[in-house]
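Residue numbers (the numbering used here): 315 to 615.
Backbone N, C-alpha and C define an ideal beta-carbon position, used for all residues, glycine too.
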């Protein structure tokens, strides 16, 4: 079976590779935290599907790029995948989306296109397309096809909240595994049977309340076309999950996490701090309904 070299970009203490300071109490995320966790999850996914893997930078240190590529070359890897989170600068920005950097021809380009497609489909983020990555050491100095995936912008507040989410990291890992399976003609083996769609139906009243109370208000309050598209997409995910729109599909965990962390958590804290405990409980119950519909909590929670 094919040997995949897995590279979590940078190191735990690499200067500058982190989110800006969040406007609330959310801890700053170092890029390495995201990269490393996705590689750990991806390794499990790939090995379950029959691939062999090698980690070229398994520790916290920022391993030299030439050493990373040498390890992959010496092992005779068939493909090299470097996982990253993107950034536009040192402050919060509107830059957003998924992109893949790879060769301009050959198997690197072919596989890079497949990985890009799977990531965009799984995350719902903007498709920034395939970029020329021939200047990258991980593409330039590897003897095998290689790609570097940028899984969202850590200096975009909405996407940063995704990047810190375990469910989003799992979503990226599964998407990359499915992409590599398709690229190499291998059947993807899921961790467990996926639930039937109706097993996780979101209550229609909950969906409408969340949309009307938070998402629609933010849609009207912003003049950003990109944010409006994003909010509309999130609202539609709730509509599909509750059967308002058809065909029904289960609510993804990272979508539930995004809605809760972007709007509902702040409202809960404001209500609680103001002594409005019944309102805080109501918001908490709505959030738990989303978590249950997304499979993040058991139904009897």
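Option in the options with minimal Cα separation from residue i
i	options	result
residue 319	528, 393, 424, 475	393
residue 449	416, 437, 563, 343	416
residue 373	354, 458, 548	354
residue 404	341, 332, 488	332
residue 570	604, 315, 349	604
residue 397	586, 324, 336, 431	324
residue 452	566, 391, 564	391
residue 350	334, 369, 340, 365	369
residue 421	346, 461, 473, 432	461
residue 437	574, 558, 588, 548	548
residue 522	536, 557, 505, 430	557
residue 329	440, 442, 339, 376	376
residue 480	348, 540, 410	348
Span of the alpha helix (DSSP H), counted from its first residue to its last, around residue i
i	result
residue 462	Unbroken run through residue 462 is the beta strand (DSSP E), 460-467; no alpha helix (DSSP H).
residue 355	345-362
residue 493	480-497
residue 473	471-477
residue 502	Careful: residue 502 lies outside any alpha helix (DSSP H) and carries neither H nor E.
residue 580	579-587
residue 568	567-573
residue 423	420-437
residue 338	No alpha helix (DSSP H) holds residue 338; DSSP gives it neither H nor E.
residue 535	530-535
Residue i - DSSP class collapsed to helix/strand/coil
i	result
residue 317	strand
residue 596	helix
residue 392	coil
residue 516	coil
residue 606	helix
residue 511	Residue confidence for residue 511 is low, a pLDDT of 47 falling below 50, so the modelled location carries little weight; the figure read from the coordinates is stated next. Three-state result, residue 511: helix.
residue 558	coil
residue 415	strand
residue 398	strand
residue 326	coil
Residue interval of the beta strand (DSSP E) (run including residue i)
i	result
residue 368	366-369
residue 445	441-446
Close-in-space but distant-in-sequence residues of the same chain around residue i (CB under 8 Å, 5 per side omitted)
i	result
residue 598	582
residue 538	408
residue 512	With a pLDDT of 49 at residue 512, under the threshold of 50, the modelled position of this residue cannot be trusted, and the question is left open.
residue 600	520, 523, 524, 578
Supposed close pair residue i, residue j - CB separation, criterion 8 Å
i	j	result
residue 383	residue 456	5 Å
residue 529	residue 554	Not really, about 14 Å apart at Cβ, beyond 8 Å.
residue 474	residue 432	Going by Cβ atoms, the distance from residue 474 to residue 432 rounds to 22 Å, so no, they are not a contact pair.
residue 463	residue 414	5 Å
residue 516	residue 399	Between residue 399 and residue 516 the Cβ distance is about 29 Å, and since that is not below 8 Å, they are no contact.
residue 410	residue 540	6 Å
7 Å CB neighbourhood of residue i in its chain, flanking five on each side removed
i	result
residue 360	318, 367, 491, 494
residue 401	467, 468, 469
residue 326	344, 346, 374
residue 381	none
residue 542	533, 536
residue 379	451, 452
residue 364	315, 500
Beta-carbon contacts of residue i that lie in its chain and below 6 Å, excluding the five residues immediately before and after
i	result
residue 509	With a pLDDT of 49 at residue 509, under the threshold of 50, the predicted position of this residue should be treated as unreliable, and no value is reported.
residue 487	352, 355, 356, 359
residue 482	476, 568
residue 446	418
residue 471	406
residue 362	503
residue 423	416, 417
residue 575	475
residue 441	434
residue 389	368
residue 259	With the chain running from 315 to 615 in the structure shown, residue 259 is simply not present.
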